[in-house]
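J.:
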Amino acid sequence: MTQLDKALEVKGLTKKYGDFYAVNNMSFHVEPGEIFGLLGPNGAGKTTIISNIVTLETPTEGDVLVFGHNVQEEPRKAKSLTGIVPQEIVNHGFFNLEEVLIFHSGYYGLSNNRDRIDFLIDRLGLKEHRHKKVKQLSGGMKRRLLIAKALVHSPKLLLLDEPTAGVDIELRESLWKFVQELRSDGVSVLLTTHYLEEAEELCDRVGIIHHGELRKIGPTNSLVKEFTQRNVSLKLKTAAKVESQFLIEQLQENLRFRIPSEMGLGELLHSAHLSLDDIDDMQIVEGNLEEAFLRVLGESKA
Amino acid sequence: MNKNLKWTPFMMLYWREVRRFSRVAVQTLLAPAVNTTLYLLIFGVSIGRAIKMEEGITYLGFLIPGLIMMGCLNNAFSNASSSVAGSKSAGELEDYKSSPLSSQQIIWALSAGGVSRGLLVSVVTMVVGELFYLNQHGEFLPINNVFLLFYFLLVGGFAFGMMGLSAAIWARSFDHLSAVGNFVLLPLIYLGGVFYSIDNLPGFWQKVSLANPLLYLINGVRYAILGVSDVSLGVSVLVTLIMLLVFLSISVWSLARGSFHRW
Ligand SMILES: Nc1ncnc2c1ncn2[C@@H]1O[C@H](COP(=O)(O)OP(=O)(O)OP(=O)(O)O)[C@@H](O)[C@H]1O
Ligand SMILES: [Mg+2]
């Protein structure tokens with residue numbers, strides 16, 4: 070592991086099931102200390118990519134490197150550095166929560182990991198459940214346990230496959246706070262989620278994938294800028310006929326404009342031959358990631 | 039916090055296996071005790087009286103080593119296979135694969151778990167058997183060679199643990215797996231000479247029996263306890279060792295090619 074190594078590098082990854090391309094020639098990377106969001110509709114290939122990172126699947130073609138270690142050639146080095154929260158709940162019929170964490174630490178080579186386990190149990194609000202059998206936990210609790218498991222060995226790369234599916238708002242918020250905390254400790258994060266609002270708030274960069282192909286990748290805010298427009302609603306003091314290429318609706322004194330995300334309000338007023346004095350009230354709605362996401366998918370369908 | 043990728047993952051997985059079967063102590067120990075009692079009662083005591091054996095050996099004495107080995111093999115197989123099957127249905131097996139656990143660690147830890155349970159069952163079987171023997175013959179059945187006894191139990195147990203692991207890796211459901219137990223394992227064990235000496239079989243079936251590797255395990259244990267066997271000791275040692283290597287290779291191949299995915 071050198072200073073220059075990316076936390077994760079996916080190079081020309083292809084995964085075929087029979088003739089079906091679940092992932093098709095995908096390349097992207099995650100910088101150290103970055104939160105990267107992998108977004109895409111159901112079946113886009115997100116989980117398949119994650120499975121290839123932790124060697125649950127073997128690439129049909131291409132390479133995956135974790136901090137410079139090829140996961141196929143040096144699997145144990147790569148996997149020691151990686152923590153994964155799988156999309157699906159894992160049950161551990163025979164064991165209680167604490168035992169599961171002790172065993173899991175062991176798989177990562179840690180025989181005496183009590184401090185870390187105590188910290189995680191505490192931090193994830195699992196204290197009063199620590200002696201419960203896993204099957205006695207609620208769905209949300211089981212998901213917290215998955216997160217604790219992923220972190221027992223203090224991984225440098227954390228893979229979160231829809232960690233907030235079926236989780237209540239409170240836990241979702243505390244979970245994302247925890248993720249940000251981990252990032253500030255230097256952990257790099259790859260996450261998938263269908264809650265785009267959360268992704269927008271959290272991710273430094275996102276990649277949008279569809280049918281196994283990368284459609285768009287970039288810093289979250291520049292994607293939003295590039296693929297969304299601003300919605301401007303104006304209420305005039307008196308109804309008047311307005312001409313503008315950006316006007317999309319007029320109901321007497323109520324006007325709605327859609328303008329490019331980099332266009333300022335002054336410019337709009339100027340182009341529509343309006344002045345501030347004509348205006349009674351106004352509202353601006355900025356574009357968001359969800360809009361950008363839909364635009365990217367829409368374009369790629371066309 | 040001490041980190042050791044060489045031994046800790048193996049030790050922890052082995053410990054998990056031991057904890058797992060100790061949670062089901064009744065199945066683990068009581069069931070084989072009951073089984074053995076039934077076998078000894080039906081075959082060893084009642085039917086066995088009518089069976090003629092070599093000089094100095096009673097049918098009860100002949101049966102006990104076979105039952106010890108059978109209990110060990112059955113339990114080593116079923117412990118490893120049910121562990122993998124359970125982990126598959128829970129999704130836990132994916133944890134093994136996404137962690138730094140190596141194939142060798144998984145193989146040896148799971149088969150060692152199977153062996154541990156197999157040995158416990160052997161001890162239970164032995165105790166029950168000795169009590170029967172004492173009751174019938176007024177003395178304990180002496181053990182000819184303890185070292186050889188351990189050798190055959192360990193080699194057989196590891197081989198069958200590996201076999202159980204491999205079977206469960208390839209199985210597509212619990213039913214699939216129990217079919218392997220019923221249609222492959224059980225016949226091999228019964229035809230391996232637990233209940234009879236192959237000397238009593240017609241020539242053709244004797245030859246067929248010689249192709250069954252379990253014959254050598256069962257006769258190995260019989261030699262270790264009674265000092266008699268249908269096949270020579272050297273052959274038994276060699277064949278069982280080869281069998282272990284074969285099953286080790288099969289399990290390495292299974293973990294590399296088979297499925298860790300959920301059912
Ligand atoms: N073992 C498999 N055999 C055949 N096809 C598979 C297999 N695993 C996944 N696929 C297919 O690959 C595609 C990608 O699946 P994947 O689970 O990666 O999607 P995803 O982006 O994670 O979706 P979701 O948001 O629903 O979790 C899907 O069309 C899926 O049906
Ligand atoms: Mg998925």
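Protein chains in written order, with the working numbering: chain A, 70 to 371; chain B, 39 to 301. The C-beta atom is built at its ideal place from N, Cα and C for all residues, glycine as well. Since we're looking at a predicted model, the values are computed, not measured.
(1) Quick check: Pro224/A and Val256/A, are their CB atoms within less than 8 Å of each other?
(2) Could you tell me if the beta carbon of Thr233/A falls within a distance shorter than 7 Å of some heavy atom in ligand 1?
(3) Check the C-beta distance from Phe190/B over to Ala262/B and give it rounded, since I have them as a contact under 8 Å.
(4) Among the candidates Ser180/A, Ala113/A, Phe97/A, whose CA atom is the shortest distance from the CA of Phe48/B?
(5) Give me the Cα-Cα distance between Leu73/A and Asn139/A, rounded to the nearest whole angstrom.
(6) Can you look up Ser207/A in the DSSP assignment and give me helix, strand or coil?
(7) Distance check for Gly106/A and Asn357/A, CA to CA, integer angstroms please.
(8) Whole angstroms are fine: how far does the CA of Leu101/B sit from the CA of Gly82/B?
(9) With a cut-off of 8 Å, does the C-beta of Ser216/B fall near any C-beta of chain A?
(10) Would you report the Cα separation of Glu393/A and Leu226/A, rounded to the nearest angstrom?
(11) Kindly examine ligand 2 and report whether one of its heavy atoms sits closer than 7 Å to the Cβ of Lys115/A.
(12) Is DSSP giving His222/A helix, strand or coil here?
(13) What does Ser140/B reach in chain A if we use C-beta pairs closer than 7 Å?
(14) May I ask whether a heavy atom of ligand 1 can be found less than 7 Å away from the beta carbon of Asn93/A?
(15) CB-CB under 6 Å to Glu359/A, same chain, minus the five flanking residues each way: which ones, in chain order?
(16) Ligand 2 and Gln156/A: does the residue's C-beta get closer than 7 Å to at least one heavy atom of that ligand?
(17) Alpha carbon to alpha carbon, how far is Asn94/A from Arg213/A? Give it in angstroms, no decimals.
(18) Could you tell me whether the Cβ atoms of Asp133/B and His173/A are closer together than 8 Å?
(19) Give me whichever residues DSSP pairs with Tyr86/A in a beta bridge.
(20) Any beta carbon of chain A sitting closer than 8 Å to that of Glu132/B?
(21) How many Å lie between Ala217/A and Phe188/A at the Cα?
(22) Classify Glu355/A: buried if its beta carbon has 16 or more other beta carbons within 10 angstroms, exposed otherwise.
(23) Cβ-heavy atom distance between Phe105/A and ligand 1 below 7 Å?
(24) Would you tell me roughly how many angstroms separate the C-alpha atoms of Val153/B and Cys110/B, rounded to the nearest one?
(25) In the DSSP assignment, find the unbroken alpha helix (DSSP H) run with Met200/B in it and report its ends.
(26) So, Ser121/B versus Ser204/B, is the Cβ gap smaller than 8 Å?
(27) For the pair the stretch 267-284 of chain B and the stretch 169-180 of chain B, tell me if three or more CB-CB distances fall below 8 Å.
(28) With 8 Å set as the bound, which would you pick, yes or no: does the beta-carbon of Met200/B sit closer than that to a beta-carbon of chain A?
(29) Answer yes or no: do Phe164/A and Lys196/A have a C-beta to C-beta separation smaller than 8 Å?
(30) Would you decide whether Ala88/B is buried or exposed? Buried here means 16 or more other CB atoms lie within 10 Å of its CB.
(31) From the DSSP output, read off the bridge partner residues of Asp347/A.
(32) Flag this pair as yes or no: are the beta carbons of Glu230/A and Lys115/A separated by less than 8 Å?
(33) Could you check the C-alpha separation between Ser125/B and Phe115/B for me, to the nearest Å?
(34) Three-state secondary structure (DSSP) at Ile216/A?
(35) Which residues of the stretch 73-93 of chain B have a Cβ closer than 8 Å to any Cβ of chain A? Give them in chain order.
(36) Could you name each continuous alpha helix (DSSP H) segment of 4 residues or more that falls completely within the stretch 217-277 of chain B, going from the start of the chain to the end?
T.: Taking the geometry as given:
(1) Remark: C-beta atoms of Pro224/A and Val256/A approach each other more closely than 8 Å.
(2) Not so, every heavy atom of ligand 1 lies at least 7 Å from the Cβ.
(3) Right, their Cβ atoms sit about 6 Å apart.
(4) Among Ser180/A, Ala113/A, Phe97/A, the Cα nearest to that of Phe48/B is on Ser180/A.
(5) C-alpha separation (whole angstroms): 15 Å.
(6) In this structure, DSSP gives Ser207/A a state outside helix and strand, which the three-state scheme calls coil.
(7) Per the coordinates, the alpha-carbon of Asn357/A lies some 15 Å from the alpha-carbon of Gly106/A.
(8) Near 7 Å, if we compare the C-alpha coordinates of Leu101/B and Gly82/B.
(9) Answer no: the Cβ-Cβ gap between Ser216/B and chain A never drops below 8 Å.
(10) Residue 393/A lies beyond the residue range present for chain A, which begins at 70 and ends at 371; the question has no answer from this structure.
(11) Distances from the CB of Lys115/A to the heavy atoms of ligand 2 include at least one below 7 Å.
(12) In the structure shown, the three-state DSSP call for His222/A is coil.
(13) Arg145, listed in chain order.
(14) Result no, Cβ not under 7 Å from ligand 1.
(15) The answer, listed in chain order, is Leu265.
(16) Gln156/A Cβ: within cutoff of ligand 2.
(17) Their backbone Cα atoms lie some 33 Å apart in a straight line.
(18) It is a contact, given that the beta carbons lie within the stated cut-off.
(19) According to DSSP, which records beta bridges pairwise, Tyr86/A is partnered with Phe89/A.
(20) Chain A, which has a Cβ nearer than 8 Å to the Cβ of Glu132/B, makes this yes.
(21) Computed Cα separation, rounded: 9 Å.
(22) Residue burial annotation: Glu355/A is exposed, with fewer than 16 other C-beta atoms found within 10 angstroms of its C-beta.
(23) No, the Cβ of Phe105/A stays beyond 7 Å of every heavy atom of ligand 1.
(24) Distance between Val153/B and Cys110/B, taken at the CA atoms: about 7 Å.
(25) Counting along the chain, the alpha helix (DSSP H) containing Met200/B begins and ends at 184-208.
(26) Not closer than 8 Å, so no.
(27) Note that the stretch 267-284 of chain B does not touch the stretch 169-180 of chain B; fewer than 3 beta-carbon pairs, one per stretch, sit closer than 8 Å.
(28) False, the Cβ-Cβ gap to chain A never drops below 8 Å.
(29) Not closer than 8 Å, so no.
(30) Label assigned to Ala88/B: exposed.
(31) For Asp347/A, no pairing in a beta bridge is given by DSSP.
(32) Correcting the residue identity first, residue 230/A is Asp in this sequence and not Glu. Yes. Within cutoff.
(33) Near 15 Å, if we compare the C-alpha coordinates of Phe115/B and Ser125/B.
(34) Residue state for Ile216/A is assigned as helix, using DSSP reduced to three classes.
(35) Within the stretch 73-93 of chain B, no residue has a Cβ that lies closer than 8 Å to any Cβ of chain A.
(36) Here the runs fully enclosed are 224-229, 241-248, 251-264.
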